[in-house]
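To convert, take the position in the sequence shown, counting from 1, and add 825; that gives this note's numbering.
Built from N, CA and C at the ideal position, the CB exists for glycine as well.
Only a predicted model underlies this, so the values are computations on that prediction, with no experimental measurement involved.
Single-structure report; data block below.
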Amino acid sequence: MSPDLATNDNLGTVELAIPAKAEWVAVARLAVAAVASRLRFSVDEIEDVKLAIAEACTTCIQYAQSAARIAITCEAEAELLRVSVGVRGTGPRLHAVPESDDALQTDDLGIFLIRALMDTVEQSDTTDGRIVVMTKHVVV
826 MSPDLATNDN LGTVELAIPA KAEWVAVARL AVAAVASRLR FSVDEIEDVK
876 LAIAEACTTC IQYAQSAARI AITCEAEAEL LRVSVGVRGT GPRLHAVPES
926 DDALQTDDLG IFLIRALMDT VEQSDTTDGR IVVMTKHVVV
């Protein structure tokens with residue numbers, strides 16, 4: 826493979842499913858970090874992505890049913906990384922998390938941190954559950 830993979834528009838998609846258990850979050854962090862390292866992110870930016878993924882997975886675990894699985898999809902493009910994290914059943918409710926620190930609840934800290942670390946954070950509902958979509962842009 827070419828050492829400068831960021832010259833292509835779409836570098837590919839990586840999908841991962843892990844049990845909705847805390848001991849599997851490290852696997853998600855490492856997988857997403859491996860994808861992020863293929864782009865032109867700094868070490869600090871990759872650490873931000875890893876922390877955001879860990880927080881998203883942890884939030885999903887809080888809402889997951891006992892046999893649930895967390896689905897993670899990483900889409901690498903030339904200038905951005907888009908990561909979707911979802912779980913079946915009810916999931917993290919981003920619209921319920923206040924934007925200001927004043928009204929922040931302890932349970933909201935994970936989503937608040939994700940918003941601080943990533944460039945965009947969106948939530949969407951599906952027939953199976955809820956998905957958090959995070960985007961980090963490559964700063965040149």
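Practice prompt. Throw me the rounded Cβ distance for the E870 and L938 pair, which I believe falls under 8 angstroms.
Written response: About 15 angstroms separates the two Cβ atoms, so there is no contact after all.
Practice prompt. Compare the C-alpha of V958 against each of V965, A893 and Q948 and name the closest.
Written response: When each option's Cα is compared against that of V958, the closest is Q948.
Practice prompt. Could you spell out where the beta strand (DSSP E) holding R894 opens and where it closes?
Written response: R894 to E902
Worksheet entry | Own chain residues within Cβ distance below 6 angstroms of A856, not counting five before or after | L841
Worksheet item: For G834, which residues from the same chain have a beta carbon less than 8 angstroms from its beta carbon, with the 5 sequence-adjacent residues on both sides left out?
Response: Residue identity differs from the one stated: residue 834 is Asp in this sequence, not Gly. E902 and A903.
Discussion item. Mapping the DSSP letters down to three states, classify L938 as helix, strand or coil.
Written reply: helix
Discussion item. Quick check on DSSP: helix, strand or coil for L855?
Written reply: In this structure, DSSP gives L855 a helical state, which the three-state scheme calls helix.
Discussion item. Can you give me the C-alpha to C-alpha distance between Y888 and E900, rounded to a whole angstrom?
Written reply: One alpha carbon belongs to Y888, the other to E900, and they sit about 25 angstroms apart.
Worksheet entry | V946, buried or exposed, once every other Cβ within 10 Å from all chains shown has been counted against 16 | buried
Fill in: Exposure label - V964; buried when at least 16 CB within 10 Å
exposed
Worksheet item: Tell me the DSSP bridge mates of R907?
Response: E900 and T960
Worksheet item: Which two residues bound the contiguous beta strand (DSSP E) that contains L864?
Response: Per DSSP, L864 belongs to no beta strand (DSSP E) and is neither H nor E.
Worksheet item: Apart from the five residues just before and just after R940, which ones in its own chain have a Cβ nearer than 6 angstroms to its Cβ?
Response: V946
Fill in: Member of A861, R907, I843 and L836 whose CA lies at the smallest distance from the CA of I895
I843
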